[in-house]
Each structure stands twice: as structure tokens, then as C-alpha cells.
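Asks: Taking this note's numbering as reference, the numbering of the sequence shown is continuous, increasing by one, and the terminal residue is 1746. Using N, Cα and C, we set each Cβ at its ideal position, and we do this for glycine too. Just so we're clear, the structure is a prediction, and the values are computed from it rather than from any experiment. Handing you this structure, nothing more for now.
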Amino acid sequence: MSSAVRPDPPSGPSDASAAPSPAAPAVPGPVHPVDELLPPGRMLVASLQHVASMYAGAVSVPIVVAVAAKMPPSDAAVLMAGSLLMAGLATLLQTLGIGRFIGSKLPFVNGVSFAGVGVMLTILATEGSVGAGMPVVFGAILVSSAFGFLVAGRFSRLVRFFPPVVTGSVITLIGVSLFPVAYGWIVEPGAASRANDQENIALTAATVVLMLLLQKFTRGFLKQISMLLALVLGTLLSVPMGLADFSALDGAALVGLPDPLHWGAPRFSLAPILSMCVVMLVILTESTADMIALGKIVDREVDERVIARGLRADALGSAVSPLFNGFHNSAFAQNIGLVVISGVRSRFVVALSGALLILIGLSPAAGALISVVPMPVLAAVSLFLFGSIALSGIQMLLRADLQRGDNTLIAVVTIGVGLIPAVNGDFYASFPDWAQIVLGSGISTGCILAVALNLLFNHLGARRASAPEPEAVAGH
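Printed below as a string of C-alpha cells:
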């Protein structure tokens, strides 16, 4: 209802023009795409795309830990189910949130972080057995996650040290450093046999061509789900090539209840806890950069409060994970790339993805069905996802003043040093375990470097004039 003062009605007989008009109903403002509820069918298909794009990454960490620790298949299955279940819970915490305190309420998919793999394997080796080591691993995750929850508010205040030159460099690094992961899904590094390499490469190339054709010749909703269609068509193409493995479907139960504390109650040891606290700081750093990137992509402001809520969701999801045999959770960068490609920005789509992940974690049959998709097909669509992330970072770098040599130096050093672990995984092998925790993650190393160099060149000494720096020339 308008608050303007109405003129007094003229004296005399009233007429229609003088009668007060009924209050007009309030017209709701336009819904932001992040808060948009899509039709059920579109929402389900778009959610399946998110699940399909992150499934391989979600189970990679439990597979790596299980293989390195020589666990039996039954224990490996427990780790994978727990990781998927907790990824779904953490995704719901991020997208839907709890009040105004927890959750970024962005289309943010969470899953198992790679940052703690080195520490977990070191703990298992030190303890000498899986039965003795896993309770120590879960105890360290539990305490470090509580630590992350407590420091999230203070950590979020670092957002002012993430200008375009920092965020652009880190986001570019995130995208580029993920390419070797996809290549490893096509041709396994160091594999004893190279029998299927040519077939794997051919299947990847065919899926890439399918994706390009779908992007070129489809419109509307079909174009939005082109990645899911490419996954299905690529899997069908793999059947006559003999690269599809349906053995996982044999005997897979439709419902499998979780096995809480499969290895017993968590145990608490100081050295593993301190190491995992460092891992938690790395996770908070990566999630901060990812939230800023996603905010730019979906056109929603990401300030200190949003970051603090998002980091608390990361930490809370990670704290619950050990109870159900899961690990630390953090943002999945490949799903940020999917938001770019699909153009679907609704957080409720991603929330449904979280619910689907929970169902998959509770259904061995559903997990087996998704695992039918060959790794070369997953790699093909991941190339588009990772490339989209890198291009988003480059676009952000263009908003920085790269005419200044200092900013160019920040970008070059950040990307160059951050790519070291992706290019040579053994580069830091001679360093102490605690140093490898940070240095082994190129994204966290690059993020720390970018922030430090930005402080050195753009803050310390206040060398710049007080006149505002032009962000970009109009029209460029």
C-alpha cells in the first residue's frame, strides 16, 4: 500500500472518481535464480547431473584409503557408503541451511575432501593396522572439525584479502589443476597394463564429440541437461566396446542401513589431531575461494556472513561424518563448473542432489548403478566442467588491473606454484609429513600464496595513491 498523502476529496456528492480505491495487493519481487523452484521433472534431471558429475570424486578418497590400507571389499564399501551419505547431509546443510547461522544457501555441492588423504594414510601406517588406525583417524577428524566450526567466523573476515587478482588466480588454478585428475580417469598413470588405453581414449573422444553436438543442436531444457545425456549416451556407446562393467549390479541390495562406528569408538591422539587441524584450515581456505567464485557465477553477494555460514556447514558436516564412517567434507569445484555450463542456479536443485546422495548412500543398488558409467565417460564430461572453472577464473582476472606488474606477478606465481602437485605428485616427497599436508594440495598452496603476495604488494606500505584504481576501461 502506498504511503503517499492523498488529497482531501472535494465537497459535494461523492462519485466513483472520489471513492477511495481498494488497496492493491502487494506484488512480490522477482525470485532470484538461486532461490527458484523448478518444475519437479526438470529439478530431478538437473539434480542427477550434479550427482553424476561428482560421484567419482566422492568415492575416490575412500577408494584410495581402502586400497592403500589393504582393506577387504566389505570395509571399502562401508567407507564409500558413509562418504556418499555424509556428502548428501553436508550438501543439504549448505543449500538449505539452519537458520541464519549455518549454510551458505548457495548451489554448493559438498563431498569428501582430498586434503586429508596424506594424513590419514600416515596415521594408518603409524598405528600398524586398520582396526587400530581408523578410530584414531575419525577422532582426529571429529576434533579438527569442531575446531573449524569455532574459527569459521574469524576466518571469514579474511574475505577482504580476496580481490579479483587473488580470486581469479585461485579459481583459474582450481580449474587447470583438476585436468590431470580427468586424464588419470582415461589412462591410469603407472598402470601395469596398457591394453585398454586406446579404447579408453576413443571412448572419451566420442563422448566429448557427443557433448559438443548436444550443445550445438539442442535448445532449452535439453541443452541444460546435455551433460547428463552425454553420460548416458557415452555409457551406451561403451557397451559394444566392452568397456562397461555391470558386475557391480549383481546381488546389490536395494536398501542397506548404515553401520555407525564400524571400527569402534573414535580415539583421540594429539599429533594426529594437530595434523588434521592443519587440514581443516586448508579446507576452509579452499571453500572460501570456491564460495567467492560461486557467488560471482550466480550473481549473489558473498560477504563475511555468507562465508562464515558456509564454513560452519563444512565443519558441521565433517564433524558428523566420522560417526557414519565418513571423512572431511568440502566444496566440489566440478559442480561449480556444472552451474556454469547448465545455467541452472537454483540451490534447491543442488539440495535435491544432496537428498539423492543420501539415498544412494543407503542403497547399494543405486550406488552400483551409477558406478556402471565408465571412467573415460566421466572424464570426458569433467573436461568441460574443469575448463568452465578455469575460464571463470580468467574472466575474473580480466577485472583485475593486470597492467600493473605486481598483479601479473601475483597471478603467475600463484598458478605456477599451485600446479606443481598436479604436474609432479612426488615433488614434495622429501618434505616432512606436516609440510606435505599443505604443499601437496596445489589449490591451498596457491591460495595462501595469492593472499600473501597480495598483502605484500597491495597492502603493506600503502604505496598506492589514494585515488581509486580503475578496475577496467569501460566497454572492455
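Could you tell me the alpha carbon to alpha carbon distance between Val1614 and Gln1319, rounded to whole angstroms?
Replies: Distance between the alpha carbons of Val1614 and Gln1319 is about 11 Å.
Asks: Touch check for the region 1546 to 1555 and the region 1655 to 1670: three-plus C-beta pairs under 8 Å?
Replies: The region 1546 to 1555 vs the region 1655 to 1670: no contact.
Asks: What is the residue span of the alpha helix (DSSP H) that Asn1724 lies within?
Replies: Counting along the chain, the alpha helix (DSSP H) containing Asn1724 begins and ends at 1712 to 1728.
Asks: Quickly, what does DSSP pair Ala1601 with across the bridge? List them, please.
Replies: According to DSSP, Ala1601 bridges with Asn1380.
Asks: How would you write the range of the alpha helix (DSSP H) that Val1457 sits in, first residue to last?
Replies: Element bounds for Val1457: n/a, residue is neither H nor E.
Asks: For Gly1710, which residues from the same chain have a beta carbon less than 7 Å from its beta carbon, with the 5 sequence-adjacent residues on both sides left out?
Replies: The residues are Gly1388, Pro1691, Tyr1698.
Asks: Tell me the DSSP secondary structure of Ile1368 in three-state form.
Replies: DSSP places Ile1368 in strand when its eight states are reduced to three.
Asks: Locate the alpha helix (DSSP H) running through Phe1516, then write down its first and last residues.
Replies: Per DSSP, Phe1516 belongs to no alpha helix (DSSP H) and is neither H nor E.
Asks: Could you tell me how far apart the beta carbons of Gly1657 and Gly1688 are, in whole angstroms, since I believe they sit closer than 8 Å?
Replies: Actually they do not touch by this definition, with Cβ atoms about 17 Å apart.
Asks: In terms of residues, what are the limits of the alpha helix (DSSP H) holding Ser1658?
Replies: Taken as a continuous stretch (DSSP letters only), the alpha helix (DSSP H) holding Ser1658 covers 1645 to 1667.
Asks: Which whole-angstrom value is the C-beta distance of Phe1602 and Gly1327, which I expect to be below 8 Å?
Replies: About 6 Å; that satisfies the 8 Å criterion.
Asks: Could you work out which residue in Pro1646, Ile1368, Leu1661 is closest to Ala1472 when comparing CA atoms only?
Replies: Looking at the Cα atoms, Pro1646 is the closest of the given residues.
Asks: Check this for me: beta carbons of Val1436 and Val1721, under 8 Å apart or not?
Replies: Contact: yes.
Asks: For Asn1728, count neighbouring Cβ atoms within 10 angstroms of its own Cβ and tell me buried if that reaches 16, exposed if not.
Replies: So Asn1728 ends up on the buried side.
Asks: Near Pro1303, what residues of its chain come up, given a Cβ to Cβ distance below 6 Å and the 5 sequence neighbours on each side ignored?
Replies: Contacts found: Arg1615.
Asks: Taking only the alpha-carbon atoms, compute the straight-line gap between Leu1586 and Ala1360 and give it to the nearest angstrom.
Replies: So the two alpha carbons sit approximately 8 Å from each other.
Asks: Counting only the same chain and skipping the five closest in sequence on each side, list residues whose C-beta sits under 6 Å from that of Phe1431.
Replies: So the list reads Val1721, once near-sequence residues are dropped.
Asks: Measuring straight from C-alpha to C-alpha, what distance separates Leu1650 and Thr1505?
Replies: In the sequence on display, residue 1650 carries Ala and not Leu. Each residue's alpha carbon lies about 11 Å from the other.
Asks: Taking C-beta to C-beta, are Glu1230 and Arg1674 nearer than 8 Å?
Replies: The chain is shown from 1271 up to 1746; residue 1230 falls before or after that span and cannot be answered.
Asks: Within 10 angstroms of the Cβ of Gly1631, are there 16 or more other Cβ atoms? Answer buried if so, exposed if not.
Replies: Gly1631 is buried by the Cβ-count criterion.
Asks: Given a threshold of 16 other Cβ atoms within 10 Å of its Cβ, counted over all protein chains shown, does Asp1584 qualify as buried or as exposed?
Replies: So Asp1584 ends up on the buried side.
Asks: Please determine, among Ile1606, Pro1459, Thr1474, Asn1595, the residue with the shortest C-alpha to C-alpha distance to Gly1695.
Replies: It is Pro1459.
Asks: Is Lys1566 helix, strand or coil when you go by DSSP?
Replies: Helix, per DSSP.
Asks: Compute the Euclidean distance between the alpha carbons of Ile1368 and Val1590, then round it to the nearest angstrom.
Replies: Rounded to whole angstroms, Ile1368 to Val1590 spans 15 Å at the Cα level.
Asks: When the Cα of Phe1371 is compared with those of Ile1606, Asn1466, Gly1580, which residue comes out closest?
Replies: Among Ile1606, Asn1466, Gly1580, the Cα nearest to that of Phe1371 belongs to Gly1580.
Asks: Taking the alpha-carbon positions, what's the Leu1503 to Leu1420 distance?
Replies: Taking the straight line joining both Cα atoms gives about 46 Å.
Asks: Using CA coordinates, which residue listed in Gly1712, Gln1706, Gly1490, Lys1566 is at the minimum distance from Phe1378?
Replies: Checking every option, the nearest Cα to that of Phe1378 belongs to Lys1566.
Asks: Is it right to say Gly1712 is buried, meaning 16 or more other beta carbons lie within 10 angstroms of its own, or is it exposed?
Replies: With 16 or more other Cβ atoms within 10 Å, it is buried.
Asks: Helix, strand or coil: how does DSSP classify Ile1495 here?
Replies: Coil, per DSSP.
Asks: Return the CA-CA distance between Ala1402 and Val1334, expressed in angstroms with no decimal places.
Replies: Looking at the two C-alpha atoms, the distance is approximately 18 Å.
Asks: Suppose you measure from the CA of Val1321 to the CA of Ile1606; what does that come to, to the nearest Å?
Replies: Their Cα atoms are separated by approximately 13 Å.
Asks: Am I right that Asn1599 and Val1413 are in contact with their C-beta atoms under 8 Å? What's the rounded C-beta distance?
Replies: Going by Cβ atoms, the distance from Asn1599 to Val1413 rounds to 16 Å, so no, they are not a contact pair.
Asks: Of the residues Val1348, Val1642, Ser1374, which one's Cα is nearest the Cα of Asp1520?
Replies: Of the listed residues, the one whose Cα sits closest to Asp1520 is Val1642.
Asks: Just curious, the alpha helix (DSSP H) that Glu1783 is in, first and last residue?
Replies: Summary: the structure shown does not reach residue 1783, with the chain confined to residues 1271 through 1746, and so no result is reported for it.
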